[in-house]
Every structure is written in structure tokens, then in C-alpha cells.
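K.L.:
After the C-alpha cells below, expect a handful of questions from me.
Numbering (the numbering used here), first residue to last: 403 to 611.
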């Protein structure tokens, strides 16, 4: 029988998912884990066919956990189950090899259909409706670490996105225009984009703007 494990730090939610999925009697539901590190330990101990993975977990977040799973256990299917209606996060986990992305407000029937699709070798990526909310602070921190950006550089990216010139930014931040231009050059280099248009496109795709 197919083995399924839930990784979510909200125990009440995990218990609810177990109850819903056991109704189908199609899968062996393993005891849920509460963080990414615990999940990786469990995968090292026993074979698992599919993981329902939360993104915001302690010790090791879902994105890093996903990356490790796909490197070390490429045959394990991963269905991301999250509260974050963020197209940029969907794009990020898809790039890392996730087999699906589903919001936690989905019905039990939709969840079961997503699991079945993934186990058949397909994918299930929910069509998200863009919402006018910033990327969660937790993932902003991860984004900054990944691209080695400083808080000042992120601040400047947002100001460039607001169509401020380097001179206007320098006045707003009380720094020299030369310093602003130096920051902008460093940002382009770190994000590996060629110009302001490329920077703005990158920032929009990752939820910075």
C-alpha cells in the first residue's frame, strides 16, 4: 500500500488531514511529523511514497526540506500544502521539483484528487488568484539569504519599483547618489539581471513588488 506522511507544525491540522485521508482507505497514513528535520529523519528510516509538505515549519523550512528531498530521495512525491496564495512561492517550489501545490482551504475531495494525480505520475498545481499582499516576512528573510541581499538593498529595490530615480532615492534615504548607484549595481550583480527592467521583472516574480 502507498505510504503517505504529513509534515506540518500545526498538530490539530495534521490530525484533521489524517482523519480525512483515512476515509479513502487507499493509503497507509504514517504518524505526522512537525518539522523538516524530523521528516528527513523519517525518510531515512523507512520508505515513503508521498509527502504532504507545509512550507512554514521550524528547524528546517519547507522549501529547504523540499530541496533536500528531491536531491536525496528523488522518487518521493511531494505535494506542498500551504496557506500561502503566492504565485512566486508556487514557481519556486515547482522549480525545486515539487509535484504539486495546494492551498489548505481546499476541500477533502480536491486534496484526495491531487494526491491521486501526483501518485499516477502527474502534477497538481492549483491555479492561484493573485492577491495584493506582500510575500510573508518569513520567506522574505529566506529570499534575502538566498541572494545575499541586505535590508537596504531590498529597500532600494522597492523604491526603484515605485519609479524613484537614484537622485530621489538618495534624498529619501539621506545617502549620496553615488552610494545609491553602487547599491543598484550590486543588486543587479547578485540577482544576475542586466538592467532595471530585468530587476523589476525579477522582483515582481518573487513578490518583492
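Ideal Cβ positions, reconstructed from N, Cα and C, are used throughout, including at glycine.
Only a predicted model underlies this, so the values are computations on that prediction, with no experimental measurement involved.
Could you check if residue 414 is buried or exposed, using at least 16 other CB atoms within 10 Å of its CB as the buried criterion?
P.N.:
The residue in question, residue 414, is exposed, as its Cβ has fewer than 16 Cβ neighbours within 10 Å.
K.L.:
Roughly how many whole angstroms lie between the Cα atoms of residue 572 and residue 582?
P.N.:
Straight-line Cα distance between these residues: approximately 6 Å.
K.L.:
Is there a Cβ of chain D sitting closer than 8 Å to that of residue 460, yes or no?
P.N.:
Absent here is chain D; the protein component of the structure consists of one chain.
K.L.:
Within 8 Å, do at least three Cβ pairs link the region 601 to 610 to the region 562 to 576?
P.N.:
In short, these stretches touch, since the Cβ pair count reaches three.
K.L.:
Alpha carbon to alpha carbon, how far is residue 431 from residue 422? Give it in angstroms, no decimals.
P.N.:
Going from the Cα of residue 422 to the Cα of residue 431 covers about 11 Å.
K.L.:
What are the boundary residues of the beta strand (DSSP E) that includes residue 430?
P.N.:
429 to 431 is the extent of the beta strand (DSSP E) around residue 430.
K.L.:
Once you ignore the five residues that flank residue 511 on each side, which residues in its own chain have a CB closer than 8 Å to its CB?
P.N.:
Correct list: empty, nothing qualifies.
K.L.:
So residue 467 is in the alpha helix (DSSP H); what residue range does that whole segment cover?
P.N.:
Per DSSP, residue 467 belongs to the alpha helix (DSSP H) from 464 to 474.
K.L.:
In this structure, what does DSSP give as the bridge partners for residue 527?
P.N.:
Answer is 503, bridged to residue 527.
K.L.:
If I follow the unbroken alpha helix (DSSP H) through residue 592, where does it start and stop?
P.N.:
Element bounds for residue 592: 579 to 593.
K.L.:
When we look at the beta-carbon of residue 598 and count the other beta-carbons within 10 Å, is it buried (16 or more) or exposed?
P.N.:
With fewer than 16 other Cβ atoms within 10 Å, it is exposed.
K.L.:
Cα separation between residue 569 and residue 542?
P.N.:
In a straight line, the C-alpha of residue 569 is about 27 Å away from that of residue 542.
K.L.:
Three or more beta-carbon pairs under 8 Å between the region 435 to 443 and the region 455 to 472, yes or no?
P.N.:
The region 435 to 443 vs the region 455 to 472: in contact.
K.L.:
Since residue 405 is in the beta strand (DSSP E), which residue starts that stretch and which ends it?
P.N.:
Unbroken beta strand (DSSP E) run through residue 405: 404 to 409.
K.L.:
Under 7 Å Cβ to Cβ from residue 456, same chain only, skipping five residues before and after it: list those, please.
P.N.:
Cβ neighbours of residue 456 beyond the five flanking positions: 409, 410, 411, 464, 483, 484.
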